[in-house]
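The structure under discussion appears below in the form of C-alpha cells.
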Amino acid sequence: MILLGQTVLKKLKSLLKLKSVLDQCGLEESAEKACEPCLRMSFLGVWFVTEKMTLEVTPDCLVEISELIIMLMYKEKARKKVQSLLGKLDFVSSCVKTGRIFISRVINFLRKFSNDDKKLDVSNELRNYMLWWSKFLLTFNEISIIILEEWTEPDLFFSCDACLTGCGSLSGSEYFHCEFPEFISQHHFHINALEFLTLIVCLKVWAVKGKKI
Numbered sequence: 116m117i118l119l120g121q122t123v124l125k126k127l128k129s130l131l132k133l134k135s136v137l138d139q140c141g142l143e144e145s146a147e148k149a150c151e152p153c154l155r156m157s158f159l160g161v162w163f164v165t166e167k168m169t170l171e172v173t174p175d176c177l178v179e180i181s182e183l184i185i186m187l188m189y190k191e192k193a194r195k196k197v198q199s200l201l202g203k204l205d206f207v208s209s210c211v212k213t214g215r216i217f218i219s220r221v222i223n224f225l226r227k228f229s230n231d232d233k234k235l236d237v238s239n240e241l242r243n244y245m246l247w248w249s250k251f252l253l254t255f256n257e258i259s260i261i262i263l264e265e266w267t268e269p270d271l272f273f274s275c276d277a278c279l280t281g282c283g284s285l286s287g288s289e290y291f292h293c294e295f296p297e298f299i300s301q302h303h304f305h306i307n308a309l310e311f312l313t314l315i316v317c318l319k320v321w322a323v324k325g326k327k328i
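Numbering (the numbering used here), first residue to last: 116 to 328.
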C-alpha cells in the first residue's frame with residue numbers, strides 16, 4: 116500500500132481501514148501482495164517512489180531489457196524478436212518518457228518484415244538508437260515525476276518533423292515548411308537537435324499566451 120502526503124501513523128490507520136472495508140465487502144486480500152505502507156512500492160514492474168515522487172523501472176526489469184537490447188543489436192532478427200523488443204521498450208517508456216521518440220524507429224523496422232519467418236539485418240541507424248537505449252536507460256530511469264494534478268484538454272494541437280535540410284509543421288488547416296538557413300545547416304547538427312529546434316520554432320509560430328498545447 117502506498118499513500119501520498121500522509122504521516123506514517125495516518126498511513127497505518129488508512130491500511131487498517133482498507134482491510135476493514137475489504138472484510139465487510141467479503142473480499143479476500145492476497146497475503147503475498149499485501150504490504151505495510153511504504154515510500155517505495157513495485158507494481159507491474161514499476162517502482163512508485165513517493166519520497167522522490169518518481170516512477171522508475173525496477174532493477175530486475177532494467178537488467179532484462181538491457182540484455183535484450185544488446186542481444187538484438189548484433190544478429191539478424193525475425194519479426195517476433197523485434198515485436199518482443201518493441202513491447203519491452205514501450206513498457207520502459209512509461210518511466211523513461213524521453214525514449215518514446217525512439218520507439219518509432221523500431222516500428223519502422225518492423226514494417227519491413229513481409230512474414231514471421233523472414234529475417235533482416237539490423238540497420239546501422241537502428242543499431243545506433245539501440246545503443247542510445249543501452250547507454251542512457253539507467254540515467255533517465257529516475258526522472259519521471261508522479262503527476263498529482265489533473266490534466267486538462269489542450270487548446271491547440273500541432274505536429275512537426277524535421278530532416279537534415281529543413282522542417283515543417285501542421286496545426287489544423289494551417290501549416291509551414293522551410294529550409295534551414297545556412298548558419299544552422301553549416302554546423303551539421305544531429306537530427307535530434309534539429310527536431311528539437313523545429314519544436315521551438317513551432318511554439319513560436321503556434322503558441323498563444325495563456326494557451327495549453
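Positions of the beta carbon are idealized from the N, C-alpha and C atoms, including for glycine.
Assigned with DSSP and collapsed to three states, Glu289 falls in strand. Within the DSSP bridge table, the entry for Met156 names Phe163 as partners.
A Cβ-Cβ distance of about 30 Å is found for the pair Leu170 and Cys140, leaving them out of contact under the 8 Å criterion. Here the alpha carbon of Thr254 sits roughly 43 Å from the alpha carbon of Asp138.
In the DSSP assignment, Ser181 falls within the unbroken alpha helix (DSSP H) covering Pro174 to Met188.
Listed as beta-bridge partners of Thr280 by DSSP are no residues whatsoever.
For Ser249, the secondary structure class from DSSP, reduced to helix, strand or coil, is helix. Under the DSSP assignment, Gln198 falls in the alpha helix (DSSP H) whose first and last residues are Arg194 to Val207. One Cα belongs to Gly281, the other to Leu142, and the distance between them is close to 60 Å.
The three-state secondary structure of Leu271, taken from DSSP, is coil. According to the DSSP secondary-structure assignment, Glu294 is paired through a beta bridge with Gly281. The shortest C-alpha to C-alpha distance from Leu241 to any of Lys250, Ser229 and Ile218 is the one to Ile218. DSSP, reduced to helix, strand and coil, places Arg226 outside both helices and strands of the structure shown, so it counts as coil. Under the three-state reduction of DSSP, Gln139 is assigned to helix. With contacts defined by Cβ atoms closer than 8 Å, Leu246 and Val221 do not form a contacting pair. Under the DSSP assignment, Ala308 falls in the alpha helix (DSSP H) whose first and last residues are Ile306 to Trp321. With a cutoff of 8 Å on beta-carbon distance, Lys195 and Leu187 are scored as not near each other. Here DSSP, grouped into helix, strand and coil, assigns Val211 to coil.
The residues Val197, Leu235, Val237, Ser238 and Leu241, in chain order, have a CB closer than 8 Å to that of Phe224 in the same chain once the five nearest residues on each side in sequence are set aside. Straight-line spacing of the CA atoms in Asp276 and Met168 works out to 32 Å.
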